[in-house]
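Residue numbers (the numbering used here), protein chains in the order written: chain A, 334 to 410; chain B, 334 to 410; chain C, 334 to 410; chain D, 334 to 410; chain E, 334 to 410; chain F, 334 to 410.
Below is one structure, written out as structure tokens, with a few remarks after it.
Protein chains: 6
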Amino acid sequence: MENKEVWLTSLITKTPQEGRELAIKMARKSIAAIQTDPEIRKKLRADYANDTAQLIASANVIAIEFQTIAQANNFWH
Amino acid sequence: MENKEVWLTSLITKTPQEGRELAIKMARKSIAAIQTDPEIRKKLRADYANDTAQLIASANVIAIEFQTIAQANNFWH
Amino acid sequence: MENKEVWLTSLITKTPQEGRELAIKMARKSIAAIQTDPEIRKKLRADYANDTAQLIASANVIAIEFQTIAQANNFWH
Amino acid sequence: MENKEVWLTSLITKTPQEGRELAIKMARKSIAAIQTDPEIRKKLRADYANDTAQLIASANVIAIEFQTIAQANNFWH
Amino acid sequence: MENKEVWLTSLITKTPQEGRELAIKMARKSIAAIQTDPEIRKKLRADYANDTAQLIASANVIAIEFQTIAQANNFWH
Amino acid sequence: MENKEVWLTSLITKTPQEGRELAIKMARKSIAAIQTDPEIRKKLRADYANDTAQLIASANVIAIEFQTIAQANNFWH
């Protein structure tokens with residue numbers, strides 16, 4: 334089940350920094366689309382926020398999402 | 334054995350949000366192409382929906398699929 | 334030892350769906366190029382078809398292969 | 334919670350070397366966006382700085398971030 | 334210590350199939366550049382050829398290398 | 334702490350082979366940027382040079398870095 338709230342209307346952001354924030358949001362929304370129960374997600378959060386391997390894996394996802402956003406914004410030239 | 338149902342006729346979506354939904358669908362269909370038994374997939378689902386490492390790995394797949402979809406849609410410019 | 338059968342003459346496919354099937358084939362052929370014994374591969378198959386972490390890792394490979402195929406086909410525009 | 338300090342105003346760097354440094358910074362900021370407590374991050378640092386698997390995973394993130402930065406800088410041509 | 338034998342003079346291949354073979358070679362040469370002892374590599378081979386998680390991880394490397402080769406060959410159009 | 338020695342002045346290399354060597358150097362420098370103690374790095378080296386999973390993960394990093402270098406060199410056309 335995908336969450337049906339519309340949260341992504343554009344990949345365009347005003348600044349690279351906002352692009353980073355969007356990348357983090359995209360990564361989080363992917364997890365929310367698979368684990369749809371917000372209470373379980375809250376409990377799981379402690380698991381990965383204290384596990385460096387998972388923090389690094391999360392950073393990998395953010396890096397890929399950001400690459401897409403940066404391309405969409407023509408690298409904010 | 335691939336599943337022979339036609340589920341992907343185009344990479345074009347109306348909005349980035351629909352692009353996200355397609356990316357999630359593509360990731361799921363890959364798993365279904367390898368584990369073809371829907372009953373087993375249903376049982377396995379509990380394994381990864383409660384395991385943050387696997388949720389993050391799933392988000393990595395979605396990020397790559399979305400990058401392809403975003404390029405196909407010229408980033409919805 | 335690579336398997337010497339010619340199985341890839343073109344990256345062009347008629348539809349995105351056929352592109353997905355080619356991506357899955359490419360992923361499988363990579364594994365066959367390293368583990369060349371078909372009997373062992375058959376036995377190993379049970380290992381990953383029931384392990385969600387490995388199913389997700391397989392989906393990651395398929396996503397990358399598909400990205401290449403989609404680019405080759407100019408995203409089927 | 335994202336950290337609200339503005340730390341990324343541009344992807345442009347004078348040299349490839351500075352691009353590497355920015356890539357490392359981006360990777361670190363992703364981790365800081367998820368684990369927001371600097372004291373916990375300091376403690377966790379020992380976990381991954383001595384674990385080669387995690388060092389390699391970190392290098393993977395840096396490689397992706399650098400690819401984006403290199404594209405933004407037209408590869409410093 | 335890198336292995337100093339020249340084994341990569343061009344990314345151009347006649348066919349996509351040869352591109353796959355080059356991708357596999359590139360992946361193997363990376364491993365040989367880190368583990369420089371051929372005797373140890375031979376022994377290690379049994380470790381990953383029978384471990385599906387490592388076979389899939391190898392396929393991930395091959396997919397990335399092939400993407401580069403496919404781009405270099407303009408997808409063999 | 335980043336290591337402040339300037340080691341990357343250009344992504345341009347004369348040959349694809351030199352591009353591979355630069356990719357390996359970039360991967361190593363990422364690890365050195367996180368684990369800054371050369372004595373610890375030397376000790377850790379044995380950990381991953383004999384662990385195929387880590388050798389494959391290293392090859393993944395090299396593949397990404399090489400993709401960037403190949404693009405910078407217009408694939409040495």
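The beta carbon of each residue, even a glycine, is placed where N, CA and C say it ideally should be.
is_contact[residue i, chain A] using C-beta, thresh 7 Å
{"i": "D:Met334", "result": "Here the model assigns D:Met334 a pLDDT of 45, short of 50, so the residue's position is not dependable, and the following value carries that caveat. Closer than 7 Å: no."}
{"i": "B:Pro371", "result": "no"}
{"i": "D:His410", "result": "no"}
Neighbour list for residue i in chain F, Cβ cutoff strictly below 8 Å
{"i": "E:Gln368", "result": "Ala382, Asn383 and Leu388"}
Neighbour flag for residue i against chain C, beta carbons, 7 Å
{"i": "B:Glu338", "result": "no"}
{"i": "B:Thr348", "result": "no"}
7 Å Cβ cutoff, residue i in contact with chain E
{"i": "C:Ala403", "result": "no"}
{"i": "F:Ile345", "result": "no"}
Range covered by the alpha helix (DSSP H) that runs through residue i
{"i": "F:Thr328", "result": "For chain F, the structure presents residues 334 to 410; residue 328 of chain F sits outside this window and is missing."}
{"i": "D:Gln350", "result": "Pro349 to Ile367"}
{"i": "B:Leu377", "result": "Pro371 to Ala382"}
Any non-hydrogen atom of the ligand FAD closer than 6 Å to residue i Cβ
{"i": "A:Asp384", "result": "You won't find the ligand FAD in this model; it holds no ligand whatsoever."}
Sub-7 Å separation of residue i and residue j beta-carbons
{"i": "B:Leu325", "j": "A:Ile367", "result": "One cannot answer for residue 325 of chain B here, as it falls past the ends of chain B, which runs 334 to 410."}
{"i": "E:Ala365", "j": "E:Glu398", "result": "no"}
{"i": "A:Ala356", "j": "D:Thr401", "result": "no"}
{"i": "A:Phe408", "j": "D:Ala405", "result": "yes"}
{"i": "A:Ala386", "j": "D:Val394", "result": "no"}
{"i": "C:Leu297", "j": "E:Pro349", "result": "It is not possible to answer for residue 297 of chain C, since the shown part of chain C is limited to 334 through 410."}
Where residue i meets chain C, residues with beta-carbon distance less than 9 Å
{"i": "E:Arg353", "result": "Glu335, Trp340, Leu341, Met359, Lys362, Ser363 and Ala366"}
Beta-carbon neighbours of residue i, restricted to chain F and to distances below 7 Å
{"i": "D:Ile395", "result": "Ser363"}
Closer than 7 Å to chain B by CB, residue i
{"i": "A:Phe399", "result": "no"}
{"i": "C:Ala392", "result": "yes"}
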